[in-house]
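Here's the structure, in structure tokens; my notes come after.
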Amino acid sequence: MRNGLFFLLLFCGGNGFAQNVIVEESLTETRCENKTHMTTHYKETKTILNEQGADHAHFLCSCNKQERLTSFRGQVTDASGKVIRKIKESELQRTEYSQYLAVDDYKMYFTYTPPVYPVTITYEWTVDSHDDLIEFPPFCPQSDYKVAVKKATYQLTVPKDMTVCRKTQNIQKDISVTSDEKERQVFSLELTDLPAIQQERFGRSLRERIPLAFFVPQDFQYYKTEGSLDSWNSYGKWLYSLMDGRDALPETLKAEVHQMTDGLKTDREKVERLYQYLGKTTRYVAVFLGIGGLQPALAKDVFKSGYGDCKGLSNFMHALLKEVGITSYYTTISTKNRHLFHDFASVGQMNHAVLQVPFPGDTLWLECTNPLLPMGYVHEDIAGHDAVLITPDGGKLVTLPCYADSANFMGSSMKIQIDNQGKATMEMRQVAKLQQYESVLPLLYMGQDDRKRVLQETLSIPQMEIGEIEVKGNDKELQINVPSLKSQRYATISGQRMFIPVCPFHKGYGMSKDDRERTENIYVTTGYQDKDEIVIALPEGYTIEAMPKDGMIDTSFGKYSYRLKVDKDGRQVTIRYRLLLKSGIYDKAQYHEFVTFINQVASGYAQKIVLKKNSKST
Numbered sequence: 001m002r003n004g005l006f007f008l009l010l011f012c013g014g015n016g017f018a019q020n021v022i023v024e025e026s027l028t029e030t031r032c033e034n035k036t037h038m039t040t041h042y043k044e045t046k047t048i049l050n051e052q053g054a055d056h057a058h059f060l061c062s063c064n065k066q067e068r069l070t071s072f073r074g075q076v077t078d079a080s081g082k083v084i085r086k087i088k089e090s091e092l093q094r095t096e097y098s099q100y101l102a103v104d105d106y107k108m109y110f111t112y113t114p115p116v117y118p119v120t121i122t123y124e125w126t127v128d129s130h131d132d133l134i135e136f137p138p139f140c141p142q143s144d145y146k147v148a149v150k151k152a153t154y155q156l157t158v159p160k161d162m163t164v165c166r167k168t169q170n171i172q173k174d175i176s177v178t179s180d181e182k183e184r185q186v187f188s189l190e191l192t193d194l195p196a197i198q199q200e201r202f203g204r205s206l207r208e209r210i211p212l213a214f215f216v217p218q219d220f221q222y223y224k225t226e227g228s229l230d231s232w233n234s235y236g237k238w239l240y241s242l243m244d245g246r247d248a249l250p251e252t253l254k255a256e257v258h259q260m261t262d263g264l265k266t267d268r269e270k271v272e273r274l275y276q277y278l279g280k281t282t283r284y285v286a287v288f289l290g291i292g293g294l295q296p297a298l299a300k301d302v303f304k305s306g307y308g309d310c311k312g313l314s315n316f317m318h319a320l321l322k323e324v325g326i327t328s329y330y331t332t333i334s335t336k337n338r339h340l341f342h343d344f345a346s347v348g349q350m351n352h353a354v355l356q357v358p359f360p361g362d363t364l365w366l367e368c369t370n371p372l373l374p375m376g377y378v379h380e381d382i383a384g385h386d387a388v389l390i391t392p393d394g395g396k397l398v399t400l401p402c403y404a405d406s407a408n409f410m411g412s413s414m415k416i417q418i419d420n421q422g423k424a425t426m427e428m429r430q431v432a433k434l435q436q437y438e439s440v441l442p443l444l445y446m447g448q449d450d451r452k453r454v455l456q457e458t459l460s461i462p463q464m465e466i467g468e469i470e471v472k473g474n475d476k477e478l479q480i481n482v483p484s485l486k487s488q489r490y491a492t493i494s495g496q497r498m499f500i501p502v503c504p505f506h507k508g509y510g511m512s513k514d515d516r517e518r519t520e521n522i523y524v525t526t527g528y529q530d531k532d533e534i535v536i537a538l539p540e541g542y543t544i545e546a547m548p549k550d551g552m553i554d555t556s557f558g559k560y561s562y563r564l565k566v567d568k569d570g571r572q573v574t575i576r577y578r579l580l581l582k583s584g585i586y587d588k589a590q591y592h593e594f595v596t597f598i599n600q601v602a603s604g605y606a607q608k609i610v611l612k613k614n615s616k617s618t
């Protein structure tokens with residue numbers, strides 16, 4: 001089931017345009033007065049070429065109590081340069097409410113739909129920031145695919161005694177460092193004529209391909225706390241100081257914790273019991289309060305309110321484990337970026353927190369925001385990602401584990417009984433493990449209508465009638481059972497012949513050919529294994545005229561095989577498929593081989609058995 005959805009979503013074609021937007025000019029000027037105050041002036045002029053680039057016509061600015069929008073103006077011109085719209089600051093809208101609680105962030109925005117194309121839009125605005133100078137605005141001239149840039153300029157001015165750490169990505173020129181008339185340091189960077197980046201299937205993420213420059217103060221003052229970003233170790237020391245004393249629990253909860261765990265024999269059993277308690281008594285809510293949204297909520301407050309974000313819930317779980325003498329470490333990580341810059345520390349590289357429990361030879365990673373996940377399961381958004389352990393000795397860079405490709409398993413079986421009109425009655429069973437478990441986990445909490453909708457989208461069965469769908473899950477696997485499936489036209493009849501599809505699974509599997517020159521290597525981040533067994537009972541009055549031959553493909557990308565067996569009476573065919581897709585990075589020169597392999601797999605799934613009507617049945 002994973003594969004049908006996976007390929008259907010991943011290989012949707014582009015819109016056909018080489019570029020949708022041209023950034024005529026992008027300017028970011030930041031002036032830092034001291035460790036607690038800076039002002040940033042932005043100006044962006046974009047030409048929107050077509051409807052596919054329409055989202056770039058909107059304006060959006062994130063704000064909070066420490067970051068305020070202090071000025072704004074906008075202007076729209078047509079292709080001839082005539083001004084067709086001026087936008088005032090009074091026209092901006094502000095988000096007043098959020099779907100989450102405990103949020104003091106808000107957004108100032110303006111939505112504009114161009115009446116014709118092309119149009120050129122200029123937005124100019126200023127943001128005043130105080131008390132949150134832990135990093136400076138980044139230089140990010142390209143924010144989307146199919147966006148070309150004519151000119152992008154960045155300038156950061158800071159006091160002469162401030163040390164600024166900086167890091168560039170995909171930029172070949174050096175950052176200019178000069179002094180102004182007041183002997184302040186000025187860091188400058190300008191890029192011109194950047195071509196639009198085209199999305200490539202199985203390529204790196206956009207974040208890894210665009211030019212970027214990051215700037216942070218080495219020593220900072222942040223919400224009346226002080227720290228250093230000269231290394232990840234220093235970052236960890238500062239963050240650890242924010243957590244000091246925030247793991248205290250109420251006496252009543254301490255007693256409850258011991259009542260739950262004192263009778264258990266092993267520490268692992270205690271972790272499991274407390275993880276279950278966490279899932280049953282709390283829920284996830286985004287919290288952007290406290291020390292700039294970086295300090296976890298007090299454990300006692302999470303207990304009292306019953307909610308928390310990734311920081312608060314991880315800290316609460318840490319407090320529960322500490323009460324029973326089990327060591328754990330709060331860990332910061334990114335769910336979007338697989339790798340952190342090892343030689344450049346900054347808080348903006350991460351957006352999530354989990355908990356590490358270091359058992360000898362069996363380290364556990366706890367995702368505290370999703371009680372649906374089995375204890376210790378490393379989900380796809382963090383598997384293989386760099387992270388920073390926050391310890392009393394400082395931050396320590398680590399990499400979370402990935403599961404073996406073969407362990408990400410989906411086993412599917414189906415029994416199909418076909419009558420002489422091509423109608424079929426079926427029963428289906430699937431077993432999913434690890435990251436294939438994760439891909440179908442939502443089924444466990446869906447109603448019958450939604451479950452049936454998912455099956456309609458993932459099974460290649462025409463005119464399907466679905467009975468009750470049973471879904472069961474435990475820490476090891478998720479089971480899907482459908483005792484009753486029907487199709488009014490599973491097989492097609494043409495004259496004296498009946499054509500029977502051999503595999504109803506893997507709908508949408510395959511890749512369209514792309515003749516463009518490949519610029520990216522092939523990145524298969526998650527490998528998996530599928531095993532399918534389909535047993536087809538043939539209708540009376542027909543005999544087998546033709547059927548697929550056994551096949552096997554063995555490549556550097558994976559292995560694929562299928563075998564068909566007819567019982568001695570010729571009334572039943574059993575088909576077994578095996579697919580192992582291997583994770584890895586493959587040279588871009590192999591791309592056409594990769595597409596060929598995927599499509600050979602798809603062709604194997606799409607084969608049919610041909611039956612011929614017996615002459616005596618005519």
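Every letter in the sequence shown is one number past the one before it in the working numbering, and letter 124, counting from 1, is 124. Glycine included, every Cβ here is placed at the ideal spot set by N, Cα and C.
- Between L206 and I197 the beta-carbon gap is near 7 Å, inside 8 Å, which marks them as a contact.
- Here DSSP, grouped into helix, strand and coil, assigns N34 to strand.
- Q600 has its alpha-carbon roughly 30 Å from the corresponding atom of Q496.
- In this structure, the beta-carbon distance from R489 to Q463 falls below 7 Å.
- Taking a C-beta distance under 7 Å as the contact criterion, T111 and H58 qualify as a contact pair.
- Excluding sequence positions up to five before and after A54, its CB lies within less than 8 Å of the CB of I48, T113, P114, all in the same chain and listed in chain order.
- Inter-segment contact for the segment 122-139 and the segment 69-79 is present: three or more beta-carbon pairs are separated by less than 8 Å.
- Secondary-structure assignment with DSSP links W365 through a beta bridge to Q356.
- Under DSSP, C63 shares a beta bridge with Y106.
- G473 places its beta carbon less than 7 Å from that of L444.
- For Y330 against I418, the beta-carbon gap comes to about 58 Å, at or over 8 Å, which does not count as contact.
- The beta carbon of M317 sits closer than 8 Å to the beta carbons of L274, Y275, L278, S328, L355, L366, C368 from its chain, once the five residues preceding and following it are set aside; these are given in chain order.
- Separation of Q259 and E251 (C-alpha to C-alpha, rounded to the nearest whole angstrom) is 12 Å.
- Contact check for L212 and C140: beta-carbon distance about 6 Å, within the 8 Å limit, so the pair qualifies.
- Counting only runs of at least 3 residues, the segment 131-204 fully encloses the following beta strand (DSSP E) elements, listed from N- to C-terminal order: 147-158, 164-169, 176-179, 185-194.
- The residues I416, I418, S487, Y490, in chain order, have a CB closer than 6 Å to that of A424 in the same chain once the five nearest residues on each side in sequence are set aside.
- In the displayed model, K613 falls within a strand according to three-state DSSP.
- For F557, no beta strand (DSSP E) run applies, since DSSP gives it neither H nor E.
- According to DSSP, Y222 shares a beta bridge with D132, T225.
- Of all alpha-carbon atoms in D105, N420, Y377, the one lying nearest the alpha-carbon of A537 is that of N420.
- Sequence-distant Cβ neighbours of A407 in its own chain, meaning closer than 7 Å and more than five residues away, are K433, L434.
- In this structure the segment 604-613 lies against the segment 531-549, because at least three pairs of beta carbons, one per stretch, are closer than 8 Å.
- Counting C-beta pairs with one atom in each stretch, the segment 388-403 and the segment 228-240 have three or more that are closer than 8 Å, which means they touch.
- V357 places its beta carbon less than 7 Å from that of V271.
- Collapsing the DSSP output to three states places L298 in coil.
- When only Cα atoms are considered, K280 and K65 end up about 34 Å apart.
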